[in-house]
Structure formats: C-alpha cells, structure tokens
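Q: Taken in sequence, the protein lines are chains A and C.
Following this note's numbering, the numbering of the first sequence begins with 1 at its first residue and continues without gaps.
Following this note's numbering, the numbering of the second sequence begins with 1001 at its first residue and continues without gaps.
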Amino acid sequence: MRTIKLEAHLKRTAAKARELDAAGRNVPTEALRNAGKTRTTAKRVLLERAEKRAHAAGKKPVLSHY
Amino acid sequence: MALEADYLEALGLLGRVCEEYRRETGSPAYLVGGAAVALWTGGAFHSADFDLIVAAEERFHEILLQHGFCPEDRAGKLRVGYYHPDYPQFGWQLVTGPMFDGRADRMRVAQFQINAGSAVVLPAIEDLIADRLGQYAGGKPPDVSRLNQARVLFEMADRIDSAYLRKRVEEEGGDISLLNGLNSELEP
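1) What does G1091/C touch in chain A if you count any residue whose Cβ is under 8 angstroms from its own?
2) Distance, Cα to Cα, E1024/C vs C1018/C?
3) V1120/C and G1015/C - do their beta-carbons sit closer together than 9 angstroms?
4) Spatial neighbours of G1173/C within its chain, please: CB distance less than 7 angstroms, with the 5 preceding and 5 following residues excluded, ordered by chain position.
5) Between which two residues does the beta strand (DSSP E) holding R2/A run?
6) Could you check the C-alpha separation between A1074/C and V1080/C for me, to the nearest Å?
7) Assign E7/A to buried or exposed, taking buried as 16 or more other Cβ atoms, counted over all protein chains shown, within 10 Å of its Cβ.
8) So, helix, strand or coil for N1115/C, using DSSP?
9) At least one CB of chain A closer than 9 angstroms to the CB of S1047/C: is that the case?
10) If the cut is a Cβ gap below 8 angstroms, which residues of chain A does M1099/C touch?
11) Along the region 1113 to 1129 of chain C, what residues have a CB closer than 7 angstroms to any CB found in chain D?
12) Give me the chain A residues within the contact set of T972/C, using Cβ-Cβ distance strictly less than 7 angstroms, ordered along the chain.
13) Taking only three categories from DSSP, how would you classify I1176/C?
14) With H, G and I counted as helix, E and B as strand and the rest as coil, what does DSSP make of I1189/C?
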C-alpha cells in the first residue's frame, strides 16, 4: 500500500492547480459537482440534513445537489 | 482551490476513527466517492459527505460513537448515516458491498497520513478515474460532472499506471480516449 503524507500532497496539488490556472485550463468547481440525479434516497436525506444543520449552526454549508 | 480548514479538521477526526478501526480489526476502512475525489485532487471541489466501506460495520459504528459521532434518525426504514456536532455541515455514510464491486486491486490503495494517529485509505487514483468514466458512460443522460472529475483526477495525478488504468476503464465500460491530451507528463 502506498503511503502519502497529506501535507505534501496538498502542496503538490496546489502547485499543479496554479499551473493549470496559469494555462487557463482550470475546471470550475461547479462543473465537478454531482448533479444529484442518481443519488439514493438516504443520501438525499443525509445531504439535506447536513445543509439544515449547517445553517442552524451558523456554518457555511457545502453546496450539494440532492 | 484548496481543502478548507473545517474539512481538514473533519477529515482528521475521521482519520483517527479509521486508524483505531484498523488497529483493532486489522483491515482498513476505505474512503470512497466524492470525498476521495476531493482529497486526490487537493480540493478541486468539496463534498458534503464522506462515504466509507468497512468490513466490520458494528465495530466501526461503536468507534464512531466513541469519537462523538451521532447516528442520524432513520428516514422511514432507511438508515441515513452519521453526523458530528462539531462539523454539522458534513454527513458520514457507510456504503455496503466491496469497493468497485470487487474489481479494484486492493494492493493499490493509498493511505493518506493526516497526522500522527490519523490516516484514511483511498482507492487508487486509477480506480477512481475508471469509476467516474464508467458512470459517465452509463448515465442516461450522462452526468458531465463524472467526466469532469475523471479529467481533473487525471490532470492532478503525480503518477498513473497506464496499463492498470486502461484495464479498469474497460471493466467499468468507460472511454479512455476522453483523457487524451490532458496531462503531458502522463500517458492515459
């Protein structure tokens, strides 16, 4: 099993993202988000509840389509 | 693009749960789905949920509770998952069945070491790319986010086993040519 140190991985991917940005090849975040059409019912409930809990706690919810 | 502080904290907590589970049972918990894509890409996007595959669900459930996780109320007969009061914007779910229907080579999984005593195990990046391309190919209509995720995973990879990737994409019913021309350092 390959072991990767998260800190080093995040530095490497951030540098790669900057390269892609500079080359105009970055993919907008929204284009990566699951459209939600094939989610299970349990997953829809989980995501809806997480969003409601975030609002209630004054936290920024993670945008999800459900 | 980066993983936000709350996300990393929640991941660190999950990593402690996963490490305790692995020490006790001798087998890893696998972090799959959108959270695995988020981590492999260094936060190209964030997922609100963490999907896990574990062999001993009952023991994993107990460890989650010991770390402050709460089971969600059922929705009718459905088991929904878990939440943690310190990270209310996220949900955790146990996924049944073997990873990628048993087609993934478990020797290729990657352990992400978050800090001492905290680590999560992810599928190989080739398996995730193949899974996303397969979902794109099988979607009616296709969900282009699946293709975009596969392409970003490929672009962000530091190394790819091309032969394994080709085999897995074929098994998942995807089209590997959709990765052509993306990463000059890697051969799809």
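Positions of the beta carbon are idealized from the N, C-alpha and C atoms, including for glycine.
In this text the structure is predicted, and so the values were computed from the model without any measurement.
A: For this structure:
1) Walking along the second sequence from the start, residue 1091/C turns up at place 91. Near G1091/C (Cβ distances below 8 angstroms), the residues of chain A are L46, L47, R49 and A50.
2) The residue you call residue 1024/C lines up with position 24 of the second sequence. The residue you call residue 1018/C lines up with position 18 of the second sequence. Going by the C-alpha atoms only, they are around 10 angstroms apart.
3) By 1-based counting over the second sequence, the position of residue 1015/C is 15. By 1-based counting over the second sequence, the position of residue 1120/C is 120. For G1015/C and V1120/C, yes; Cβs fall inside 9 angstroms.
4) Taking the second sequence and counting its residues from 1, one reaches residue 1173/C at position 173. Within the same chain, G1173/C has close Cβ partners G1134, A1137 and G1138.
5) Locating residue 2/A in the first sequence gives position 2, where the first residue counts as 1. Looking at the DSSP string, the run of the beta strand (DSSP E) that includes R2/A is R2 to K5.
6) Your numbering for residue 1074/C matches position 74 in the second sequence. Your numbering for residue 1080/C matches position 80 in the second sequence. At residue 1074/C the sequence reads Arg, which differs from the Ala that was named. Spanning the two alpha carbons is a distance of roughly 6 angstroms.
7) Within the first sequence, numbered from 1, the residue matching residue 7/A stands at position 7. So E7/A counts as exposed.
8) Here the question's residue 1115/C lines up with position 115 in the second sequence. Strand at N1115/C.
9) Here residue 1047/C refers to the residue found at position 47 of the second sequence. Output row for S1047/C: interface = yes.
10) For the purposes of this step, residue 1099/C is identified with residue 99 of the second sequence, where counting begins at 1. In chain order: nothing, as chain A lies at least about 13 angstroms away.
11) Although the question refers to chain D, the structure presented lacks it and instead comprises the protein chains A and C.
12) Lying outside 1001 to 1188, the shown extent of chain C, residue 972/C is not represented and no answer is given.
13) As a position in the second sequence, residue 1176/C is number 176, starting the count at 1. Note: I1176/C maps to helix in three-state DSSP.
14) Nothing can be reported for residue 1189/C: it is not among the residues displayed for chain C, which extend from 1001 to 1188.
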